[in-house]
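For the sequence shown, the working numbering gives the first residue as 12, with consecutive numbering after it.
Before any comments, here is the structure.
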Amino acid sequence: MLTIALPSRQPELHYAATLLFGEFLGLQFSLTNSPASTATEIKLPNGATLVLGDHFFHKYDSLAEFQIPATVAWVNKTQNPFLCQANLPVLFGEARLQVSEKKITCGIDVLATIFFMLSRWEEYANPARDKFQRFPASAALAVKNGFHQRPIVDEYVEMVWNMLTHLGIGQQRKRRSFRAVITHDVDFPLQWRSPFSLVKKLGGDLLKRKSPRQATRSLANYFNTKKGSEKDPFDTFDYLMDQSERQGLQSHFFFLCGGGHKNDEGHLPPRHPFMVDLMKKIDRRGHLIGFHPSFDTFNDGQLFKTELAELQRFSPQEIKAGRQHFLRFEVPTTWRIWEENGMAWDSSMYFPEMAGFRCGTCHPFPVFDILQRKMLKLREMPLTVMEVTFMVYQKKAPDEALAEILSLLQQVRQFNGSFVLLWHNTSFNAPEWRAYETRYESLMALF
Ligand SMILES: [Zn+2]
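Below is the structure:
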């Protein structure tokens with residue numbers, strides 16, 4: 012058993028310590044407070060001690076004094092042999108390290124960093140927003156300092172584990188294993204929802220894509236779909252389930268169920284016969300049904316609740332997980348709405364314009380409400396890769412995208428984390444997706 016003395020009683024520090032030693036390392040420990048101290052002291056049963064610097068929590072009573080670091084220093088493996096990579100960004104504290112057989116004193120403020128990355132306090136403190144009121148990647152400390160594609164919280168956890176091992180901890184850590192979590196946000200279950208959707212598609216083919224050939228094909232497909240001789244282009248659900256089953260995986264389908272914004276107009280209500288049949292099929296095949304709350308739900312708990320109730324009414328499964336439409340998110344409001352509606356996990360934490368680790372980890376974790384100052388039951392399952400990032404936001408060639416995805420995947424494997432993929436049901440059967448859709452199978456084959 013480890014005895015951990017924290018230099019303050021703040022719930023934020025308590026949360027960071029609980030996540031580091033409990034959630035991530037799975038160790039036996041007891042937490043105490045020693046407010047006279049200026050560091051966190053971890054005592055091992057063999058008398059050895061690990062001291063982790065504290066550069067914020069012992070000095071201040073509230074987060075109002077917390078600062079987004081003005082600069083980030085880097086420490087390398089020569090300075091700190093406990094790192095698991097060649098270097099590590101230091102957000103709080105200093106690189107200073109003293110090592111003896113029975114004692115390590117580490118100047119890096121590990122707990123403030125873990126709290127900073129996981130709580131997303133930065134997104135509350137920094138008012139930058141994009142046109143959809145989302146916190147933009149360009150404003151994030153991790154992006155500005157080039158460590159957004161590294162799970163630095165997990166790297167910190169490894170460093171602390173290596174220090175504890177050096178001191179002779181005498182406990183096993185929690186065993187975790189890699190897994191792929193395949194998700195599909197269903198914004199448009201069908202392309203041909205009404206004759207109007209045909210008019211709109213033909214307009215796009217002729218005016219935007221300037222392709223009479225494509226327009227002729229759309230027209231033929233529309234009538235063949237009505238006759239039943241062809242599938243609707245967005246009805247790729249069987250294919251997606253086939254691909255997941257081939258890898259022994261389950262697909263999560265997150266359904267958009269309502270909303271009055273123009274960005275919600277593709278949805279079908281859960282009571283629609285196509286949706287009822289689709290959900291039955293998903294359930295029968297052993298895949299999962301989840302929730303994709305509409306455009307304005309991220310700060311509207313009542314709307315969230317109404318849509319969820321409607322989905323639950325027609326779903327053969329209990330709804331426990333999902334992701335916000337357009338990844339619209341407000342810290343901590345949106346997490347609180349998910350918690351209040353009894354959801355088990357959200358998977359919205361991702362910058363749409365850039366793949367990577369928005370929370371600095373590739374592991375699911377219980378979230379912290381920075382205004383109520385408490386840990387919630389709700390877990391965040393951070394999204395790792397969304398196909399739209401590469402095709403729409405970055406306009407990358409498919410092979411270039413695949414190379415970036417592979418580098419992220421390799422890191423998630425290294426840390427035995429969860430690689431969460433979002434691939435929409437609509438990203439197939441269209442000229443703009445043709446080059447990408449073959450990569451779906453290449454990617455799935457890696458899991
Ligand atoms: Zn969506």
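We treat Cβ as the ideally placed atom computed from N, Cα and C, and that holds for glycine.
Can you tell me which of Met397, Trp346, Leu382, Glu351 puts its alpha carbon nearest to the alpha carbon of Phe376? Numbered from its first residue, the sequence shown carries residue 376 at position 365. Of the listed residues, the one whose Cα sits closest to Phe376 is Trp346.
Taking 8 Å as the threshold, find out whether the region 15 to 34 comes into contact with the region 44 to 51 through three or more Cβ pairs. yes
I'd like to know whether the C-beta atoms of Leu394 and His336 end up nearer to each other than 8 Å. If you number the sequence shown from 1, residue 394 lands on position 383. If you number the sequence shown from 1, residue 336 lands on position 325. For Leu394 and His336, no; Cβs fall outside 8 Å.
Determine the burial state of Tyr71: buried for a count of at least 16 other Cβ atoms within 10 Å of its Cβ, exposed for fewer. Taking the first residue of the sequence shown as 1, we reach residue 71 at position 60. When all chains shown are included, Tyr71 counts as exposed.
Three Cβ pairs or more, each shorter than 8 Å: is that satisfied between the region 356 to 367 and the region 319 to 328? no
Asp410 (DSSP reduced to helix, strand or coil): Counting from 1 along the sequence shown, the entry for residue 410 is found at position 399. Reduced to three states, the DSSP call for Asp410 is helix.
Using the beta-carbon count (16 or more within 10 Å), is Met12 buried or exposed? Locating residue 12 in the sequence shown gives position 1, where the first residue counts as 1. Counting Cβ neighbours within 10 Å, Met12 comes out exposed, since fewer than 16 surround it.
Reduced DSSP secondary structure (H/G/I, E/B, other) of Val121: Against the sequence shown, residue 121 aligns to sequence position 110. Reduced to three states, the DSSP call for Val121 is helix.
Alpha-carbon spacing of Arg190 relative to Gly214, whole angstroms: Numbered from 1 along the sequence shown, position 179 holds the residue referred to as residue 190. Numbered from 1 along the sequence shown, position 203 holds the residue referred to as residue 214. Approximately 43 Å between the Cα atoms of the pair.
Chain-ordered residues, beta carbon under 7 Å from a heavy atom of ligand 1: Going by the Cβ distance cut-off, the answer is Asp196, Asp198, Leu267, His303, His336, Phe337.
As assigned by DSSP and simplified to three states, the class of Leu13: Numbered from its first residue, the sequence shown carries residue 13 at position 2. Three-state DSSP puts Leu13 in a strand.
From Ile293, Pro281, Gly239, pick the residue whose C-alpha is nearest to that of Gln261; which is it? The count along the sequence shown starts at 1 and reaches residue 261 at position 250. For the options Ile293, Pro281, Gly239, the alpha carbon positioned closest to that of Gln261 is the one of Ile293.
Assuming Leu102 and Thr124 form a contact by the criterion Cβ under 8 Å, report the distance between their Cβ atoms to the nearest whole angstrom. Numbered from 1 along the sequence shown, position 91 holds the residue referred to as residue 102. Numbered from 1 along the sequence shown, position 113 holds the residue referred to as residue 124. Their Cβ separation, rounded to whole angstroms, is 5 Å, which keeps Leu102 and Thr124 in contact under 8 Å.
Between Ala97, Asn87, Leu122, which lies nearest to Arg107 when the distance is taken from Cα to Cα? Reading the sequence shown from its first residue, position 96 is the one you call residue 107. When each option's Cα is compared against that of Arg107, the closest is Asn87.
Close-in-space but distant-in-sequence residues of the same chain around Gln109 (CB under 6 Å, 5 per side omitted): Position 98 of the sequence shown, counted from the first residue, corresponds to residue 109. Closer than 6 Å at Cβ, skipping near neighbours: Thr116.
Alpha-carbon spacing of Ile15 relative to Gly353, whole angstroms: Residue mapping note: residue 15 aligns to position 4 of the sequence shown, counting from 1. Residue mapping note: residue 353 aligns to position 342 of the sequence shown, counting from 1. Taking the straight line joining both Cα atoms gives about 32 Å.
Secondary structure of Val101, DSSP reduced to three states: Position 90 of the sequence shown, counted from the first residue, corresponds to residue 101. Strand.
Restricting to Cα atoms, I'd like to know which of Glu52, Arg224, Gln425 is closest to Gly64. Against the sequence shown, residue 64 aligns to sequence position 53. It is Glu52.
Need the endpoints of the beta strand (DSSP E) that Glu52 sits in, please. Position 41 of the sequence shown, counting from 1, holds the residue named residue 52. Its beta strand (DSSP E) spans residues 50 to 54.
Residues bridged to Lys385 [DSSP beta-bridge criterion]: To locate residue 385, count along the sequence shown from 1; it is residue 374. Lys385 is bridged to Asp380.
Under 8 Å between the Cβ atoms of Pro100 and Phe158? Counting from 1 along the sequence shown, the entry for residue 100 is found at position 89. Counting from 1 along the sequence shown, the entry for residue 158 is found at position 147. Between Pro100 and Phe158, the C-beta spacing is below 8 Å.
So, helix, strand or coil for Lys185, using DSSP? Along the sequence shown, one-based indexing puts residue 185 at 174. Lys185 falls in the coil class under three-state DSSP.
Quick check on the DSSP output: the beta strand (DSSP E) that includes Leu42 runs from which residue to which? Within the sequence shown, the letter at position 31 stands for residue 42. Start and end: 40 to 44.
Any chance you could list the alpha helix (DSSP H) runs of at least 4 consecutive residues sitting entirely within the region 117 to 173, in chain order? 121 to 130, 132 to 136, 152 to 155
Report the rounded CA-to-CA distance for Pro200 versus Gln96, giving the unit in angstroms. On the sequence shown, position 189 is the one that residue 200 refers to. On the sequence shown, position 85 is the one that residue 96 refers to. Approximately 43 Å between the Cα atoms of the pair.
Is Leu314 near Ser305, with beta carbons less than 8 Å apart? Counting from one through the sequence shown, the residue named residue 314 turns up at place 303. Counting from one through the sequence shown, the residue named residue 305 turns up at place 294. It is a contact, given that the beta carbons lie within the stated cut-off.
Whole angstroms is fine: what's the gap from Glu351's alpha carbon to Asn232's? Position 340 of the sequence shown, counted from the start, is the residue given in the question as residue 351. Position 221 of the sequence shown, counted from the start, is the residue given in the question as residue 232. Glu351 and Asn232: Cα-Cα distance of roughly 44 Å.
Going by DSSP, which residues form a beta bridge with Asn87? Mapped onto the sequence shown, residue 87 falls at position 76. Beta-bridge pairing links Asn87 to Asn98.
What is the DSSP secondary structure of Ile193, counted as helix, strand or coil? Counting from one through the sequence shown, the residue named residue 193 turns up at place 182. If DSSP states are grouped into helix, strand and coil, Ile193 belongs with the strands.
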